[in-house]
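Scroll down for the structure; my scribbles are underneath it.
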């Protein structure tokens, strides 16, 4: 018999793969059981409801997202490059064979109206990403209004790439972000000179 931590990881990784590929409502707990090799009784002992399992998947996705963004940003040189690295991270992700869009957006669209817990988890992840981009903008010495603009580009690129099936959405968003960054910094310098 596998230990609790291993069983939990098997169930969450299996549910993540299945929910992301097919949608949460299309995947029954019997399918999760069959694919994970963990009994239904044990699954329900670990996750009393399907919402609990969805939340565990979203927590896992949050860690993956944070790790991916942090890795991309830490590998960039200048503060401006760190801002653009977010879009480089998206470009790599969009090219993965398993890319199906943003799981948070997908799950929110599917369950957000029926599950306050799922909606709140998605909102928190999106707010966390906004805070991270705002932090990068501050570190670069950019104006505060730049962060939400860059976040909108990143979020829009995810949705566009998922719907169109074209990974180039990341490159287009990166080019737009580069323009916004240049304009924001030029505008800040002009404002300082005017003072």
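Residue numbers (the numbering used here): 1 to 195.
Cβ atoms here follow ideal geometry from the backbone N, Cα and C, with glycine treated the same way.
Here the C-alpha atom of residue 59 lies approximately 12 Å from the C-alpha atom of residue 120.
Taking the C-beta atoms as reference points, residue 35 is found no nearer than 9 Å to residue 102. In this model, residue 48 and residue 141 are separated by some 47 Å (Cα to Cα). As summarised for the region 38-75, the continuous alpha helix (DSSP H) elements at least 4 residues long and confined to that stretch are 40-46 and 50-74, given in chain order.
For residue 170, same chain residues with a beta-carbon under 6 Å away, outside a window of 5 residues either side, are 87, 90, 91, 94 and 157 in chain order. By the C-beta criterion, the region 125-145 is judged to be in contact with the region 61-77, since at least 3 inter-stretch pairs fall below 8 Å. Assigned with DSSP and collapsed to three states, residue 102 falls in coil, not helix or strand.
With at least 16 other beta carbons inside 10 angstroms of its own, residue 14 counts as buried.
In the structure shown, residue 24 falls within a coil segment according to DSSP collapsed to helix, strand and coil.
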